[in-house]
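This report concerns only the one structure given below.
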Amino acid sequence: EAALLLQQGVLAFLNDAYFFGVSRRVQWADRVSASFLSMCQPFKFISCSMDFAQSSVLSVSFLCGVLAFAKAQQGLKEGSLHKFLFWHTCWHWAFPIGGALWIELAIRTSNELLLGREF
4 EAALLLQQGV LAFLNDAYFF GVSRRVQWAD RVSASFLSMC QPFKFISCSM
54 DFAQSSVLSV SFLCGVLAFA KAQQGLKEGS LHKFLFWHTC WHWAFPIGGA
104 LWIELAIRTS NELLLGREF
């Protein structure tokens, strides 16, 4: 997943900043990669054991990401570049922040189990 996230970061930069959505090939690659990685998030619910805090972080970050994506698309349809850019940026932040918190909680939980105590 880390390699895919790194690849997605490069594609997102190329599409959003370098080409600003003008290159159809880069735009397509960005969208396919982002969609795939976004859909991987709910897969963690069935493939990873997690406590309440981890499932809460994953749920909230996923829902915030989907909401931000929808609001960005709404801004695009309305022709509001400001609204689109604000919500698109929020979308770019929602998944990574949620993922980083989820990983931190997973590490702490596994360390607590290994050491038999809480941090």
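Every number in the numbering used here is 3 more than the matching position in the sequence shown, counting from 1.
Think of the CB as a built atom: it goes at the ideal place given N, C-alpha and C, for glycine as much as any other residue.
request  = Label Leu9 either buried or exposed according to how many other C-beta atoms from any shown protein chain fall within 10 Å of its C-beta, with 16 as the threshold for buried.
outcome  = For the purposes of this step, residue 9 is identified with residue 6 of the sequence shown, where counting begins at 1. Per the 10 Å Cβ criterion, exposed.
query = Using a Cβ-Cβ cut-off of 8 Å (strictly less than) and excluding sequence neighbours within five positions of Phe48, which residues of its own chain qualify?
reply = In the sequence shown, residue 48 corresponds to position 45, counting from 1. Excluding its 5 nearest sequence neighbours in each direction, Phe48 has C-beta neighbours in its own chain below 8 Å: Ser58, Leu61, listed in chain order.
query = Of the residues Ala15, Phe39, Ile106, which one's Cα is nearest the Cα of Val29?
reply = By one-based count along the sequence shown, residue 29 stands at place 26. Comparing Cα-Cα distances from Val29 to each of Ala15, Phe39, Ile106, the minimum goes to Ala15.
ask   = What whole-angstrom Cβ distance do Ala71 and Cys93 have, given they're in contact under 8 Å?
value = The residue you call residue 71 lines up with position 68 of the sequence shown. The residue you call residue 93 lines up with position 90 of the sequence shown. Beta-carbon to beta-carbon, Ala71 and Cys93 are separated by about 4 Å, close enough to satisfy the 8 Å threshold.
task = Could you pull the start and end residues of the alpha helix (DSSP H) that Ser50 belongs to?
result = Counted from its first residue, the sequence shown places residue 50 at position 47. First-last of the alpha helix (DSSP H) with Ser50: 27–50.
Start and end residues, alpha helix (DSSP H) containing Trp81 = Here residue 81 corresponds to residue number 78 of the sequence shown, with the count starting at 1. In the sequence on display, residue 81 carries Glu and not Trp. Segment 55–81, the alpha helix (DSSP H) holding Glu81.
query = Three-state secondary structure (DSSP) at Asp19?
reply = Taking the sequence shown and counting its residues from 1, one reaches residue 19 at position 16. DSSP places Asp19 in the helix class (H, G or I) of the three-state scheme.
Helix, strand or coil at Glu107 according to DSSP, with G and I counted as helix = Locating residue 107 in the sequence shown gives position 104, where the first residue counts as 1. Secondary structure of Glu107 (DSSP, three-state): helix.
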